[in-house]
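Under numbering that gives the first Met the number 0, the first residue of the sequence shown carries the number 0, and numbering increases by one thereafter.
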Amino acid sequence: MPILCDPKSEFNLVLESDKDKENPPTFVYRPLSTREWKKVGSVFDQMNRGQATGIVEQIDIIMDAVSVGLLRWENVFDRDGNEIPFDIKELDTILTPVEASGDLMGKILSSGQMSHEDKKKSESQPASDTE
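Written out as structure tokens, the structure reads:
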């Protein structure tokens, strides 16, 4: 089965600043299609070429890019310790632009395609391992 058609195909991304935490905030993504890869990759191109004019436009395209393929987040809490329920429209309230562009977007591009080995592992596990 193509990875994109497999409902169990997903991967977890943790921000560098959270990687040593016991239960780190985790962003769960599905593999991206070629079309989606082009969309995410075009953000890098626009930023490198200086085509995104203004801070607001840059932040908007970064947040659009890191939203592609995002299925859910886990272990994300507000300052008072309350869990923040997943709502993709609220992604920009829990990430800084630096976390989104400098950390998460790079990890999406480098980790977004599952190897055959990863696919085998995901097929042997439940779709979500949260309890």
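By construction, the Cβ of each residue, glycine as well, lies at the ideal position given by its N, Cα and C atoms. Since this is a predicted model, take the numbers as computed values, not measurements.
Asked: Specify the secondary structure class of residue 11 as computed by DSSP and reduced to three states.; Found: strand
Asked: Go ahead and pull the three-state DSSP assignment for residue 31.; Found: coil
Asked: Please report how far the alpha carbon of residue 74 lies from the alpha carbon of residue 103, in whole angstroms.; Found: 16 Å
Asked: What is the C-beta distance between residue 90 and residue 66, in whole angstroms, given that I count them as a contact (C-beta under 8 Å)?; Found: 6 Å
Asked: Residue 48: buried (16+ other C-beta within 10 angstroms of its C-beta) or exposed?; Found: exposed
Asked: Check for me: the beta strand (DSSP E) holding residue 70 runs from which residue to which?; Found: 69 to 73
Asked: Return the CA-CA distance between residue 84 and residue 69, expressed in angstroms with no decimal places.; Found: 14 Å
Asked: May I ask which residues mark the beginning and end of the alpha helix (DSSP H) holding residue 61?; Found: 54 to 66
Asked: Can you pull the DSSP bridge partners for residue 76?; Found: 82
Asked: For residue 92, name the three-state secondary structure that DSSP assigns.; Found: helix
Asked: Taking the alpha helix (DSSP H) that residue 108 belongs to, which residues open and close that run?; Found: 104 to 110
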